[in-house]
Amino acid sequence: MLPDFRLRQREYLLEISRAMTARLDLSSLLELTLQSAGDILAGQAGLITLHRQDGSFAPNASIGLPPETLSLFEPLWRDLNLDLEKSQRMTSDISLRLALASRSAGVSLRQVVALPLEIGQEIIGYIFIFRTRGVAFSNNDRQVLSAFANQAAIAVHNARLYQEISAEHERLNAIIENSGDGVMIITPQRFIQTWNKALVHLTGISAEEAIGQPCYTVLNLRTTQGLSVCHTACPISHSPADGRWSAEGIHYRADGLTMNLADNYSPQRNKEGEVTQIIANVRDMTRLREAEDLKQTLLSVISHELKTPVSIIKGYAGTLAREDAHWDKATLADGLAVIEEEADRLDRLITNLLEASRLQAGGLKLHLGYVDLADLARIIVDKLQATTHLHKLIVNFPPDFPPISGDHERLREVLTNLIGNAIKYSPEAGKIKVTGTWDKNNMVRLLVSDDGIGIPAADHERIFERFYRVDNRLARQTPGTGLGLFLVKAVVEAHGGRVSVKSTPGKGSVFLVELPVNLEE
676 MLPDFRLRQR EYLLEISRAM TARLDLSSLL ELTLQSAGDI LAGQAGLITL
726 HRQDGSFAPN ASIGLPPETL SLFEPLWRDL NLDLEKSQRM TSDISLRLAL
776 ASRSAGVSLR QVVALPLEIG QEIIGYIFIF RTRGVAFSNN DRQVLSAFAN
826 QAAIAVHNAR LYQEISAEHE RLNAIIENSG DGVMIITPQR FIQTWNKALV
876 HLTGISAEEA IGQPCYTVLN LRTTQGLSVC HTACPISHSP ADGRWSAEGI
926 HYRADGLTMN LADNYSPQRN KEGEVTQIIA NVRDMTRLRE AEDLKQTLLS
976 VISHELKTPV SIIKGYAGTL AREDAHWDKA TLADGLAVIE EEADRLDRLI
1026 TNLLEASRLQ AGGLKLHLGY VDLADLARII VDKLQATTHL HKLIVNFPPD
1076 FPPISGDHER LREVLTNLIG NAIKYSPEAG KIKVTGTWDK NNMVRLLVSD
1126 DGIGIPAADH ERIFERFYRV DNRLARQTPG TGLGLFLVKA VVEAHGGRVS
1176 VKSTPGKGSV FLVELPVNLE E
């Protein structure tokens, strides 16, 4: 029969071993290990060193020792592995090391027992238990600590593995959370498990609103016809015949924005080939689709707007060139005037297209000089008044209206476009006013107002986009490329100014251009 103290010792060791293996936090595990070993072996201090990636050992936990002195005990474990292979006892050697280290650290340690923490053939660290008084450690103490060290090594190894897995998990979460693309992880039943920051910005839906919900209710993409992509073409519920796990559709945000999103799904499978989760990469395709729409619009503009003057020119030229006809001078003059007018129209269309292309590439250059906007406005109004008998064009500038620094030709285009639009979209005649004001803040203001059909509020910003035209009956009947106001905005902003519109359908429009007097400032 074992003596009572040996039996109690082993029972305590078993209890502590269970507690150690249940812990996965490395720092608290090491602290428990030292406290328990000290209690079992009647030690007053202890130290655990662990193996580092560079091959050396470093203290990771201690009890009964001032933290600032730990580095002074480095001789205790230096080359300790080699010494242990030569002699299991190495009593005199380690006692000498302890005496030197204690003297350097200024602490009184008289006895030490040290054993490696081993996993298989690998030493992952050392455990040291110290006594400041009493008898030397016995062989029985070493046997007890050996059993204890074996359990501690397993617990430390598991805790380190858990740390590594946790760190990898956090790293992957950080990658997903900070990805530039939206990332959504869903179950095979299509419930959302992960919803990263990029998806919050894209969709306007918070992670709290999304996680735990079916993806087809949170991100219900739709076709341009309004059909639900999630219900009709979801690759998760409808196995794709081409093997491509992807879907694209329109997402309507709660704030009114419309996004075109593309989902690319990557199913994760277990060894049996069963899908365990699906990672969805969500990208914003809005700009790309808008660019594609612009290409189609450009083709439509070219085929429609350019075709009309070319057809007229060809028709008149062919008619006037007929050998069987003898045209009088008046008829010839009228026909040639039409050809010249349509050629000018064709030239303006081509110029606008080239200008839009140049602006898109950042190629707008200004040739600066002093521009008298009041005089320029009167010249343009006189020229355009000759093109209409239905409208009355009025110019109103104060006598002290200052000249400004700018590009004369570009600003002529701005006024011509704005006044020309006012005439075009005022089919029932009326007054068109060009007014100038200025203030002491070095800014001039040009206002072009009309009594025309007006512009809906939803289109006030969009009318300055390339090729955009308000969707109404008059706009559809009126020829145009949708480039005029785009060019106006580009020129005004290049001058350091801004352009805006105030308009109500049926009550006319007022376009406001604000420009600095001195562009260099």
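The numbering of the sequence shown is the working numbering, which starts it at 676 and goes up by one. Note that the Cβ used here is the ideal one computed from N, Cα and C, for glycine as well.
Is Glu760 helix, strand or coil when you go by DSSP? Position 85 of the sequence shown, counting from 1, holds the residue named residue 760. Per-residue confidence for Glu760 stands at a pLDDT of 44, beneath the threshold of 50, marking its modelled position as unreliable; the derived number appears in the next sentence. Three-state result, Glu760: helix.
Using the three-state DSSP reduction, which class does Pro1073 fall into: helix, strand or coil? Along the sequence shown, one-based indexing puts residue 1073 at 398. Coil, per DSSP.
Relative to the C-alpha of Asp1047, which candidate in Glu1015, Ser1080, Glu1017 and Lys1040 has its C-alpha closest? Locating residue 1047 in the sequence shown gives position 372, counting from the first residue. Ranking Glu1015, Ser1080, Glu1017 and Lys1040 by Cα distance to Asp1047 puts Ser1080 first.
According to DSSP, which residues form a beta bridge with Ile1079? Along the sequence shown, one-based indexing puts residue 1079 at 404. According to DSSP, which records beta bridges pairwise, Ile1079 is partnered with Val1046.
N- and C-terminal bounds of the beta strand (DSSP E) containing Phe938: By one-based count along the sequence shown, residue 938 stands at place 263. In the sequence on display, residue 938 carries Asp and not Phe. Residues Thr933 to Arg944.
Phe812 CB to nearest heavy atom of the ligand PLP below 7 Å: No copy of the ligand PLP occurs in the structure displayed, which carries no ligand at all.
How many whole angstroms separate the CB atoms of Ala1097 and Val1123, which I take to be in contact at a CB cut-off of 8 Å? Walking along the sequence shown from the start, residue 1097 turns up at place 422. Walking along the sequence shown from the start, residue 1123 turns up at place 448. Sure, about 6 Å apart at Cβ, within 8 Å.
Rounding to the nearest angstrom, what Cα-Cα distance links Leu963 and Asp1019 in this structure? For the purposes of this step, residue 963 is taken as the residue at position 288 of the sequence shown. For the purposes of this step, residue 1019 is taken as the residue at position 344 of the sequence shown. Straight-line measurement puts the Cα of Asp1019 at about 34 Å from the Cα of Leu963.
Per DSSP, what kind of secondary structure is Glu998 in: helix, strand or coil? By one-based count along the sequence shown, residue 998 stands at place 323. Shown here, Glu998 sits in coil according to DSSP, grouped into three states, outside any helix or strand.
Could you please give the first and the last residue of the uninterrupted beta strand (DSSP E) stretch that includes Asp959? One-based indexing of the sequence shown puts residue 959 at position 284. Annotation for Asp959: the continuous beta strand (DSSP E) segment containing it runs Val950 to Asp959.
What is the DSSP secondary structure of Glu1140, reduced to helix, strand or coil? Locating residue 1140 in the sequence shown gives position 465, counting from the first residue. DSSP places Glu1140 in coil when its eight states are reduced to three.
Per DSSP, what kind of secondary structure is Thr724 in: helix, strand or coil? Within the sequence shown, numbered from 1, the residue matching residue 724 stands at position 49. Thr724 falls in the strand class under three-state DSSP.
So, are the CB atoms of Arg958 and Leu936 less than 8 Å apart? By 1-based counting over the sequence shown, the position of residue 958 is 283. By 1-based counting over the sequence shown, the position of residue 936 is 261. Leu936 is positioned such that its CB atom lies closer than 8 Å to that of Arg958.
Beta strand (DSSP E) containing Ser737: first to last residue? By one-based count along the sequence shown, residue 737 stands at place 62. Element bounds for Ser737: Phe732 to Ile738.
Just reading off the alpha helix (DSSP H) that His832 is part of, what are its end residues? Indexing the sequence shown from 1 puts residue 832 at position 157. Residues Asn814 to Glu852.
Leaving out five residues on either side along the sequence, give the residues of the same chain with a beta carbon under 8 Å from the beta carbon of Leu1059. As a position in the sequence shown, residue 1059 is number 384, starting the count at 1. Cβ neighbours of Leu1059 beyond the five flanking positions: Leu1068, Thr1091, Ile1094, Gly1095 and Ile1098.
Can you say whether Gly1183 is buried or exposed, counting buried as having 16 or more other CB atoms within 10 angstroms of its CB? As a first step, residue 1183 must be located in the sequence shown, where it is residue number 508. Result: buried.
How would you label Gln786, buried or exposed, when you count the other beta carbons within 10 angstroms and need 16 or more for buried? Counting from 1 along the sequence shown, the entry for residue 786 is found at position 111. So Gln786 counts as buried.
Could you tell me which whole alpha helix (DSSP H) segments of length 4 or greater appear in the stretch 1153 to 1193? Here the runs fully enclosed are 1159 to 1169.
Tell me, to the nearest whole angstrom, how far the beta carbon of His726 is from that of Ile829; I am working on the premise that it is less than 8 Å. Translated into positions along the sequence shown, residue 726 becomes position 51. Translated into positions along the sequence shown, residue 829 becomes position 154. His726 to Ile829, Cβ: 15 Å. No contact.
Helix, strand or coil for Leu792? Go by DSSP, reduced to three states. Position 117 of the sequence shown, counted from the start, is the residue given in the question as residue 792. If DSSP states are grouped into helix, strand and coil, Leu792 belongs with the strands.
Could you tell me the alpha carbon to alpha carbon distance between Thr983 and Gln888, rounded to whole angstroms? If you number the sequence shown from 1, residue 983 lands on position 308. If you number the sequence shown from 1, residue 888 lands on position 213. For Thr983 and Gln888, the gap between their C-alpha atoms comes out near 55 Å.
When you compare only the Cα positions, how much space is there between Asp754 and Ile769? Locating residue 754 in the sequence shown gives position 79, counting from the first residue. Locating residue 769 in the sequence shown gives position 94, counting from the first residue. Asp754 and Ile769: Cα-Cα distance of roughly 11 Å.
Give a yes or no on whether the C-beta atoms belonging to Val1163 and Leu1190 are separated by under 8 Å. Counted from its first residue, the sequence shown places residue 1163 at position 488. Counted from its first residue, the sequence shown places residue 1190 at position 515. No, these two residues do not count as a Cβ contact at 8 Å.
Backbone secondary structure at Arg1151 - three-state DSSP: For the purposes of this step, residue 1151 is identified with residue 476 of the sequence shown, where counting begins at 1. Its pLDDT being 45, under 50, Arg1151 is placed unreliably by the model, and the measurement read from it follows with that caveat. Helix at Arg1151.
Spatial neighbours of Gln943 in its chain, beta-carbon cut-off 8 Å, leaving aside the 5 residues before and after: Counting from 1 along the sequence shown, the entry for residue 943 is found at position 268. Counting only Cβ-Cβ distances below 8 Å, and skipping sequence neighbours, we find Val950, Thr951, Gln952, Ile953 and Ile954.
Can you look up His1066 in the DSSP assignment and give me helix, strand or coil? The count along the sequence shown starts at 1 and reaches residue 1066 at position 391. Note: His1066 maps to strand in three-state DSSP.
At the level of alpha carbons, what is the spacing between Glu1230 and Asp1075? Residue 1230 lies beyond the range of the chain shown here (676 to 1196); nothing can be said about it.
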